Amino acid sequence: MKIKRLTASILFITLALSLNAQAAEREKRQDSVLNNLVSTALARNPGLLSARARWQMFRARIIPAASLDDPLLSIALNNYPVDKFRADETPMTGKVIKLSQKFPFPGKLGAKEDAARQLALWYKGVYEDQRLSLSRQVKDAWYNLYFIDKSIGITRKKAALIKDFIKLTETNYEVGRGLQQDVLKAQVEHSRLTDQLLQLSQKRHTSMARLNTLLNQAPDHKLPIPAALKQRPMTTSSTELQRQALTKRPLFTAYKALMASYQAKINLARLNYRPDFKAGVAYTFREPIGTVSNGTDFAAVEIGMNIPLFRAKRDAALSGAEAGLRLVRRQYEKFKSQTAFEINDALNDMRKNQRQAILYKTGIIPQANQSFEASMGAYQEGKVSFLTLLDNLMTLYRYEIDYYRAASDSAHDIARLEAASGVNSL
394 MKIKRLTASI
404 LFITLALSLN
414 AQAAEREKRQ
424 DSVLNNLVST
434 ALARNPGLLS
444 ARARWQMFRA
454 RIIPAASLDD
464 PLLSIALNNY
474 PVDKFRADET
484 PMTGKVIKLS
494 QKFPFPGKLG
504 AKEDAARQLA
514 LWYKGVYEDQ
524 RLSLSRQVKD
534 AWYNLYFIDK
544 SIGITRKKAA
554 LIKDFIKLTE
564 TNYEVGRGLQ
574 QDVLKAQVEH
584 SRLTDQLLQL
594 SQKRHTSMAR
604 LNTLLNQAPD
614 HKLPIPAALK
624 QRPMTTSSTE
634 LQRQALTKRP
644 LFTAYKALMA
654 SYQAKINLAR
664 LNYRPDFKAG
674 VAYTFREPIG
684 TVSNGTDFAA
694 VEIGMNIPLF
704 RAKRDAALSG
714 AEAGLRLVRR
724 QYEKFKSQTA
734 FEINDALNDM
744 RKNQRQAILY
754 KTGIIPQANQ
764 SFEASMGAYQ
774 EGKVSFLTLL
784 DNLMTLYRYE
794 IDYYRAASDS
804 AHDIARLEAA
814 SGVNSL
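Quick look at the structure:
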């Protein structure tokens, strides 16, 4: 007897380990499929590719911003008599070649380069933050499909069971053991579940089309169906996630770059009160004029500068740059507060949904199932009404739906946390 018990225990443990291993393998496959979908979206989504191109466009402006203007080469015919237009008539007549170059006041080019570089870093951060947002959108669409598919499966099973109830109530009514209202009530519930299936089917079509749109594929393109979700316990505190977000979330770094860009614009606006310079060299080719001139060529060097006389436009440029910096600082503080709220809210929702999922799975659903099975037996013995049996079935149905809603909502919350904190695989 003891040997049989020991053998049974070993078989039970082996079966449990096997089921756990199979569940872990299913979760691993689902994670792999989801990761592939995210990778596809990151590589093909038009909105993300547009953000990447915008970043590259602003990055390409850095070198031009740091470069001098092209030198100016000019050719002139100087002091030609208008009556004869000859080069050997007057001593000052000649052909002039001139090369000149503008030089901004020291520090201006550096400020322009810094402003352009930091602005490019801003758009880089915006692009990288959109990657996080797109990843979350793909995961949200995937988790919606998971919940809808589970809801469809549960609804179909309950509809099939109620169809059997219809036959049972019709039989009982025909032999005088049941009421016509039981038949009608069962038919109404079956019709209601059929309508629910139609709505779920439409929602599934919409969710699938939304996911395909994120992947830049045809709306009706077939995708793998999610079968399981991995419930991941969260041990990191909200404070720690907020701290990590300051370095992991790309938009925080981007805002700092944008502030640096406006600071560089302020520096440039202040330097614009200083003059720019111009240097040039010229060479004049002359013709001999008898005994008056032997036609010796001329050479010239020039240095000039503009006079920053009109201060109003420079004052306005400086004021605008300073206002821009104040604006970005306020936006940064607002974004920081919003991120802290988003992390805290998502973390609380996730913990609540995970606790609910565990409660439904280990407590409420088993109890509701026992209540339904007990009422089923009692109904067959004539101890409870059909309405009680039907109510217990629909209660079980709602609890099963609520379990998968809590499980999928928990996954949604983790995706929110990843996007808000910039920390993947929490």
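Just remember that our numbering sits 393 ahead of the position in the sequence shown, which is counted from 1.
Beta carbons are placed, not taken as given, at the ideal position from N, Cα and C, and that holds for glycine.
Please read all numbers here as calculations on a predicted model, not as lab measurements.
Short Cβ contact (8 Å threshold) for residue i with residue j
i: N747; j: S803; result: Sequence check: residue 747 is Gln here, not Asn. Yes.
i: I455; j: A504; result: no
i: K488; j: F678; result: yes
i: P439; j: N699; result: no
i: T562; j: V576; result: yes
i: L782; j: S764; result: no
i: A714; j: Y648; result: no
i: L718; j: M652; result: yes
i: L634; j: L525; result: no
i: S467; j: A812; result: no
i: L622; j: Q523; result: no
i: L616; j: A434; result: no
i: H583; j: K556; result: yes
i: K491; j: G673; result: yes
i: A650; j: W515; result: yes
i: F498; j: P668; result: yes
i: L461; j: S493; result: no
Burial state of residue i, where buried means 16 or more other Cβ atoms lie within 10 Å
i: D588; result: exposed
i: G500; result: exposed
i: R642; result: buried
i: A416; result: Reliability of the predicted coordinates at A416 is poor, the pLDDT of 45 falling under 50, and no value is obtained from them.
i: M743; result: buried
i: F734; result: exposed
i: Y666; result: exposed
i: N660; result: buried
i: M450; result: exposed
i: Y601; result: Here residue 601 is Met; the residue named in the question, Tyr, does not match the sequence. Counting Cβ neighbours within 10 Å, M601 comes out buried, since at least 16 surround it.
i: F478; result: exposed
i: A414; result: At A414 the pLDDT is 47, less than 50, meaning the model places this residue with poor confidence and gives no usable figure here.
i: V721; result: buried
i: N817; result: exposed
i: K517; result: buried
i: E774; result: exposed
i: F558; result: buried
i: S443; result: exposed
Top-ranked residue by Cα proximity to residue i, from the options
i: A657; options: D481, L512, A469; result: L512
i: L786; options: K745, K623, I547, T629; result: I547
i: K596; options: S631, I751, L538; result: L538
i: D613; options: R603, E793, N428, L470; result: R603
i: Y536; options: Y473, L427, T483, M485; result: L427
i: L639; options: E726, L616, H583, I490; result: E726
i: A534; options: L430, A709, V777, K495; result: L430
i: A709; options: L720, R663, D738; result: R663
i: D806; options: P457, D738, E582; result: D738
i: R437; options: N817, E774, N605; result: N605
i: L752; options: L470, Q731, G697, E793; result: E793
i: A446; options: Q574, A469, N472, E521; result: E521
i: A693; options: A675, K578, F703, K706; result: A675
i: T564; options: A579, A553, S425; result: A579
Assumed close pair residue i, residue j - CB separation to whole angstroms, cut-off 8 Å
i: L586; j: I545; result: About 11 Å; that fails the 8 Å criterion.
i: Y796; j: I758; result: 6 Å
i: A799; j: Q749; result: 4 Å
i: L644; j: V519; result: 7 Å
i: Y772; j: F779; result: 6 Å
i: P681; j: D481; result: 7 Å
i: L502; j: A459; result: 6 Å
Distance cut-off 7 Å: residue i Cβ against heavy atoms of the ligand PLP
i: L466; result: Although the ligand PLP was asked about, the structure shown includes no ligands whatsoever.
Next on the checklist: For a minimum of 4 consecutive residues, which ranges assigned as the alpha helix (DSSP H) are wholly contained in the region 582-661?
Outcome noted: Within the region 582-661, the alpha helix (DSSP H) runs of at least 4 residues that lie entirely inside it are, in chain order, 631-641.
Next on the checklist: Suppose only complete runs of 4+ residues qualify. What are the alpha helix (DSSP H) ranges in the region 712-787, listed by chain order?
Outcome noted: Qualifying alpha helix (DSSP H) stretches, in chain order: 758-773.
Checklist entry - Which ranges would you report for the alpha helix (DSSP H) in the region 455-541 if only whole runs of at least 4 residues count? => result Taking only runs of at least 4 residues, the alpha helix (DSSP H) segments lying wholly in the region 455-541 are 455-458.
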